[in-house]
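In what follows, a single structure is set out as structure tokens and then discussed.
In mature numbering (1 follows the signal peptide of the UniProt record, and there is no 0), the protein residues as written are -36 to -1, 1 to 237.
Take a look at the structure:
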């Protein structure tokens, strides 16, 4: 009798068990997917592509992904040439995707910065090569920032190469460059604040407490090279600007909240995005 009751109970439970099995299996698969990246969301594979045209090669690194939901992806392009005075072989940061007008403005601005370096040092023969620091520094929802660093060397070579620095910041709302004049309605007030903040931050860098003070005087030239990041205005000083060549290129980041009162109110949300 006891065995009969058990068999009867199992028979009664069989339909519910049969219906529950596929539901349980589906739930287990969803849980495994959600745990794949530890965030509750399945990870998507990184995009990868390579293009080449007319001697200029552009490639997306296999691990490159958009840094925001704006759709832009960091890429690079190789620019080579010899104009009889300058030989250059430089990898420049570029972007693709997103708003075509914004991407075009960023890419053209980076290439224009390289052209300025090629056109510099009139009368001298020299070479330009890639610097390891060059990068698409930040892709935000409303701003794109790029850093171009090249290695300048006399031809024939001199004592040591000299790094050249250029930066590009593009407003993704307007597809226009963001300049110091755009950022600061009262340019001199903005430059004064950048000078003060640099004096506060430089002692903790390789430049040390004895940094070259002429390099942070409140002039447009001293603060021409900067990129927008969520953390703040990242200022890139040139070779010898705040110290000897041996210390390398020095960078400080001024938090946006220390600049907000001298910035154009409309720009605060753009550059900090």
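All C-beta atoms, glycine included, are put in the ideal place defined by N, C-alpha and C.
C-alpha gap between residue 158 and residue 77, whole angstroms: As a position in the chain shown, residue 158 is number 194, starting the count at 1. As a position in the chain shown, residue 77 is number 113, starting the count at 1. Using only the alpha carbons, I get a separation of about 23 Å.
For residue 134: DSSP bridge partner residues: Counting from 1 along the chain shown, the entry for residue 134 is found at position 170. Its beta-bridge partners are 108, 141.
DSSP state of residue 175 mapped onto helix, strand, coil: Locating residue 175 in the chain shown gives position 211, where the first residue counts as 1. Here residue 175 sits in coil by DSSP.
C-beta atoms of residue 155 and residue 184 nearer than 8 Å: What you label residue 155 is simply residue 191 of the chain shown in a count that begins at 1. What you label residue 184 is simply residue 220 of the chain shown in a count that begins at 1. Cβ atoms of residue 155 and residue 184: closer than 8 Å.
Proximity winner among 216, 186, 38, relative to residue 110 (alpha-carbon distances): Mapped onto the chain shown, residue 110 falls at position 146. Comparing Cα-Cα distances from residue 110 to each of 216, 186, 38, the minimum goes to 38.
Residue interval of the alpha helix (DSSP H) (run including residue 160): As a working mapping, residue 160 is identified with position 196 in the chain shown. Run containing residue 160: 151 to 165, per the alpha helix (DSSP H) assignment.
Spatial distance of residue 15 from residue 163 (CA atoms): Working through the chain shown from its first residue, we reach residue 15 at position 51. Working through the chain shown from its first residue, we reach residue 163 at position 199. Note that residue 15 scores a pLDDT of 32, beneath 50, so its modelled location is shaky; the value from the coordinates is reported in the next line. Spanning the two alpha carbons is a distance of roughly 45 Å.
Where residue 213 sits in the DSSP three-state scheme: Along the chain shown, read from residue 1 onward, the residue named residue 213 stands at position 249. Residue 213: coil per DSSP, three-state reduction.
Closest residue to residue 70 among 148, 112, 174, 200 (Cα-Cα distance): Working through the chain shown from its first residue, we reach residue 70 at position 106. Residue 70 has its Cα closest to that of 112, out of 148, 112, 174, 200.
Residue ranges of each beta strand (DSSP E) within the region 182 to 211, 3 or longer: 190 to 193, 196 to 200
Validate contact between the region 88 to 106 and the region 216 to 232 using beta carbons, cut 8 Å, 3 pairs: no
Span separating the alpha-carbon of residue 211 from that of residue 117: Locating residue 211 in the chain shown gives position 247, where the first residue counts as 1. Locating residue 117 in the chain shown gives position 153, where the first residue counts as 1. Taking the straight line from one Cα to the other gives about 18 Å.
Residue environment, residue 81, which counts as buried when at least 16 other CB atoms sit within 10 Å: The residue given as residue 81 occupies position 117 in the chain shown. With 16 or more other Cβ atoms within 10 Å, it is buried.
Through-space distance from residue 203 to residue 229, alpha-carbon basis: For the purposes of this step, residue 229 is identified with residue 265 of the chain shown, where counting begins at 1. For the purposes of this step, residue 203 is identified with residue 239 of the chain shown, where counting begins at 1. If you take the alpha carbons of residue 229 and residue 203, they lie about 33 Å apart.
Uninterrupted beta strand (DSSP E) stretches inside the region 74 to 121 (no shorter than 3 residues): 90 to 94, 99 to 103, 107 to 118
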